[in-house]
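**Q** Each number in my numbering corresponds to the 1-based position in the sequence shown with 3 added.
All residues carry an ideal CB built from backbone N, CA and C; glycine is no exception.
Treat the numbers as computed from the prediction; the structure is a model and nothing was measured.
This is the structure I want to talk about, given as structure tokens.
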Amino acid sequence: LFDFMWTFAQTNSSGVLCGGHSDAITNTTKLAALMKNIVVPILQKYGTHPAILAWEVMNEPEWIISDLPQAFPNGLSVPVTMAEFWNFASMIISSVHEHTHHMVTVGSASLKWYRCWTPAFSLQMNLPVLPLDFYSVHYYSTMDNLFLVNDTYLGTVNFMPQRQV
């Protein structure tokens, strides 16, 4: 449904305003309006469409979450906190489950962060559990030979999907 670049500082591209929407995640009034006027109507319209397998809450949200373990917010974004993103994601996930017959996921930017979307991580961080239907992780060849060992929150993970421990 959304891309992390949606939260970049607002720019003007040939007269079109782009980005600048972190406040739709952090401001409860704007978030409610987003859900009511955009998200729910889209889900209601396409909620039974047979060509849709799943809805992605956001593409690579790790690039905008300031306090995520191993955080690396994109310098162009206006970052949000884990609590703010979890609230946003919880509302989207609930709406997908309520208004569609489809699954819902988050498009994680790296295997480094796949544990962040699990119930165990949410509980460890005192956040609400996100009832995702499956985990979706992106892989880029630039991740080859990168790994974490015994990270407090993320554990041990090789970023290459074919070389997990």
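Which of the three DSSP states is assigned to Thr84 in this structure?
**A** Coil, per DSSP.
**Q** Just to confirm, are Thr103 and Ile41 a CB contact at a threshold of 9 Å?
**A** no
**Q** Of the choices Ala35, Pro134, Trp58, Met163, whose alpha-carbon is the least far from that of His141?
**A** Met163
**Q** Please report the straight-line C-alpha distance between Ser111 and Ser69, rounded to a whole angstrom.
**A** 15 Å
**Q** Just how far apart, CA to CA, sit Glu101 and Ala36?
**A** Those two C-alpha atoms are separated by around 17 Å.
**Q** So is Ala12 buried or exposed if we call it buried at 16+ other beta carbons inside 10 Å?
**A** exposed
**Q** Quick one: give me the first and last residue of the beta strand (DSSP E) that Ser111 is part of.
**A** DSSP places Ser111 inside the beta strand (DSSP E), whose first and last residues are 106-111.
**Q** Between the C-alpha atoms of Thr14 and Gly23, what's the straight-line distance to the nearest angstrom?
**A** Each residue's Cα considered, the two are about 8 Å apart.
**Q** Buried or exposed, going by whether 16 or more other CB atoms sit within 10 Å of the CB of Ser144?
**A** Flag for Ser144 reads exposed.
**Q** Within this structure, are the beta carbons of Glu65 and Phe75 separated by less than 9 Å?
**A** yes
**Q** Counting C-beta neighbours from all protein chains within 10 Å, is the total for Leu71 16 or more, i.e. buried, or is it exposed?
**A** buried
**Q** For Trp116, collect the residues of the same chain with a Cβ closer than 6 Å to its Cβ; drop the 5 residues on either side in sequence, then sort them by chain order.
**A** Glu65
**Q** The alpha helix (DSSP H) with Val43 in it runs from where to where?
**A** 43-49
**Q** Using beta-carbon positions only, say whether Leu149 and Gly158 come within less than 9 Å of one another.
**A** no
**Q** I'd like to check one pair, Ile96 with Val83: are the Cβ atoms closer than 9 Å?
**A** no
**Q** Determine the direct distance from the alpha carbon of Ser17 to that of Pro122, and round the result to whole angstroms.
**A** Cα to Cα, the separation comes out at about 43 Å.
**Q** Report yes if the C-beta distance between Val109 and Ser80 is below 9 Å; otherwise report no.
**A** Not closer than 9 Å, so no.
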